[in-house]
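Read the structure below first, then the notes.
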């Protein structure tokens with residue numbers, strides 16, 4: 001059986017020692033968020049995840065959701081867990097105080113989100129979708145819509161969804177067919193069908209607020225003719241009370257490989273009353289505000305699974321007796337040594353650990369830049385926004401790819417015991433897999449990186465990453481103690497720079513060349529970003545170890561970083577070779593031969 005303990009020590013290291021979260025109180029709106037407040041919030045977040053959400057993870061997976069007469073019932077215990085979650089004020093943590101939120105920094109929010117994803121990924125999707133809908137509505141909704149809907153969503157009494165995908169179109173939203181007809185009272189009537197809608201119908205909240213992409217009668221063709229609408233499950237009176245049931249219903253729920261306790265629905269809109277969000281035909285702009293928030297959140301899902309899989313695999317490896325160490329028995333008093341003595345098991349465990357801790361640092365760095373986006377200095381704000389725009393596809397794709405890899409490594413470490421349901425590791429494998437697919441497949445994220453982010457503003461977004469990394473390498477070049485980290489980082493960074501130039505040149509000549517290199521380029525970028533963060537974590541740990549406090553923690557941090565540099569980062573050499581080889585072997589292959 002799996003167990004989960006929130007990695008609070010490492011979270012505090014990342015927040016306060018690596019990212020300087022104690023300085024957040026100097027930013028407008030964050031004045032109260034000193035370490036004295038952040039620490040107890042982390043403790044309480046860990047408590048609800050360990051004691052309330054994690055015990056429902058396996059039972060929720062086995063029971064799943066059920067659809068009865070158009071109503072979706074979540075697994076046993078989910079309603080009570082959601083009530084406890086709301087009573088603790090967790091839905092409001094990162095929301096604006098204007099609507100009843102607590103206004104917490106993103107850096108704190110991302111740590112709580114990781115814990116939820118480790119403890120119970122299916123449960124986390126319900127409030128997670130609401131948070132995404134909140135971001136979109138608060139940014140683009142009218143004052144009236146925000147007044148009516150946001151306080152209830154922030155409180156957790158109402159939840160939210162995003163309704164994009166239709167049976168015939170996923171990524172290519174220009175093909176969508178859902179229609180919206182204007183009404184005399186300023187509302188609209190929606191008709192159409194959406195599929196793969198997470199949390200589209202459930203029994204956790206009084207109302208569900210659907211954000212739906214649709215076309216107006218005069219809409220231009222393609223993506224330039226898409227508008228965004230708010231469509232509630234129940235209509236809402238002027239005083240905020242619920243009225244009649246709207247013309248939106250759940251036609252079916254999907255029977256999925258994983259996240260079975262999360263309701264994935266087909267939603268039918270039959271002349272449903274809806275309200276325009278933002279400007280007509282400008283719906284994608286508003287929806288992408290939600291999608292970008294969700295893409296960062298999905299990356300954290302991968303991180304959460306990676307951490308949970310590592311904990312489960314490490315516990316098993318310490319206890320499972322099998323064979324003797326190749327260099328002689330390490331526990332001669334026992335009938336066999338625990339498998340943690342074997343080099344290949346250690347390779348897999350350290351790979352999981354290096355990925356999980358590196359990805360936690362990358363998620364926190366992205367969150368820090370979101371927080372810096374509140375800065376009053378326009379230059380600081382622009383640099384922060386550029387960084388977030390650049391790394392969003394990297395965080396989404398890299399962290400979910402590595403989350404699945406860590407789950408599979410966990411299964412491999414546990415062998416046959418990992419493959420059977422009762423021990424829990426196979427659930428992590430199944431749950432993790434969807435994160436590489438939804439909110440834009442990881443291949444789409446790679447195309448976004450090379451096709452949109454690299455050329456944007458004449459390459460300006462790249463400077464948000466390249467300049468600080470280059471300056472850091474130059475500043476630390478003479479540090480002998482840090483050399484074993486700085487030197488491999490410098491080599492990987494040089495490969496990334498060369499690959500960037502190659503992708504830009506080849507892509508201008510032939511777009512297929514950029515597409516052929518996209519996935520390898522994103523992975524090369526991501527692994528280099530982790531190398532930069534591992535070097536910084538090693539620097540902090542080397543200095544902290546000299547104080548004599550928490551020696552074991554810092555020693556393990558340095559050793560994990562050393563493993564990453566020597567055994568994981570060399571992947572960038574192969575990725576670089578693949579990128580430089582170009583896409584001819586792919587695109588010249590006869591289509592009929594597939």
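Numbering (full-length UniProt numbering), first residue to last: 1 to 594. Beta carbons: idealized from backbone N, C-alpha and C, even for Gly. Remember, it's a predicted structure, so these values are computed and weren't measured experimentally.
Runs of beta strand (DSSP E) lying entirely within the region 185-247, each at least 3 residues, in chain order: 188-198, 207-214, 227-232, 234-236, 242-245
Three or more beta-carbon pairs under 8 Å between the region 216-236 and the region 440-460, yes or no? no
Return yes when the Cβ of residue 540 is within less than 7 Å of the Cβ of residue 517, no when it is not. no
Which same chain residues end up closer than 7 Å to residue 239 when comparing Cβ atoms and leaving out the 5 residues on each side of it in sequence? none
Buried versus exposed, by CB contacts within 10 Å (16 or more), residue 321: exposed
Between the CA atoms of residue 466 and residue 383 - distance to the nearest angstrom: 12 Å
Which residues in the same chain have their Cβ closer than 6 Å to the Cβ of residue 544, if we skip the five residues on either side of it in sequence? 554
Counting C-beta neighbours from all protein chains within 10 Å, is the total for residue 2 16 or more, i.e. buried, or is it exposed? buried
Can you list, in chain order, the residues of its chain with a C-beta nearer than 7 Å to that of residue 204? Leave out the 5 residues immediately preceding and following it. 74, 78, 79, 82, 126, 159
Given residue 452 as reference, the closest of 420, 386, 19 once Cα atoms are compared: 386
Buried or exposed: where does residue 419 fall if 16 or more other Cβ atoms within 10 Å of its Cβ makes it buried? exposed
Considering only the alpha carbon of each residue, which of 191, 208, 40, 261 lies closest to residue 271? 191
Measure the alpha-carbon distance for residue 18 versus residue 110 and round it to whole angstroms. 15 Å
Rounded C-alpha distance that separates residue 547 from residue 15: 19 Å
7 Å Cβ shell around residue 324 - same chain, five flanking residues per side excluded: 336, 337
Which runs of the beta strand (DSSP E) at least 3 residues long sit entirely within the region 119-173? Give them in chain order. 158-163
So is residue 210 buried or exposed if we call it buried at 16+ other beta carbons inside 10 Å? buried
Are three or more beta carbon pairs between the region 398-408 and the region 435-446 nearer than 8 Å? yes
Spell out a yes or no on whether the region 531-538 and the region 483-498 are touching, meaning 3 or more CB-CB pairs, one atom from each, closer than 8 Å. yes
Is residue 91 buried or exposed, if buried means 16 or more other CB atoms sit within 10 Å of its CB? buried
Which residue marks the beginning of the beta strand (DSSP E) containing residue 67, and which one marks its end? 66-68
Which two residues bound the contiguous beta strand (DSSP E) that contains residue 274? 264-277
Would you say residue 578 touches the ligand NAP, meaning its beta carbon is less than 6 Å from a heavy atom? Of the ligands one can find in the structure shown there are none, so the ligand NAP has no counterpart to examine.
Determine, using beta carbons only, whether residue 524 and residue 496 come nearer to each other than 7 Å. yes
Assign residue 257 to one of two classes, buried (16 or more other C-beta atoms within 10 Å of its C-beta) or exposed (fewer than that). exposed
Can at least three beta-carbon pairs, one atom from the region 311-320 and one from the region 405-417, be found at a separation below 8 Å? yes
Can you tell me which of 378, 31, 389, 346 puts its alpha carbon nearest to the alpha carbon of residue 367? 389
Name the two residues that bound the continuous alpha helix (DSSP H) containing residue 469. 460-476
Whole-angstrom Cβ separation of residue 260 and residue 248, contact assumed at under 8 Å? Wrong, their Cβ atoms sit about 24 Å apart, outside the cutoff.
Taking residue 492 as the reference, which of 440, 565, 202, 449 has the closest Cα? 565
In the DSSP assignment, find the beta strand (DSSP E) that holds residue 683 and state where it starts and stops. Here the chain covers residues 1 to 594 and nothing more, so residue 683 does not appear.
Simplified DSSP state of residue 104, which is helix, strand or coil: coil
Supposed close pair residue 445, residue 393 - CB separation, criterion 8 Å: 4 Å
Looking at residue 117: is its Cβ nearer than 7 Å to the Cβ of residue 301? yes
Report the start-end ranges of each alpha helix (DSSP H) in the region 28-57 that is 4 residues or longer and not cut off at the edges. 35-48
Compare the C-beta of residue 122 with all C-beta atoms of chain D and state if any pair is closer than 7 Å. The structure shown contains no chain D, having only a single protein chain.
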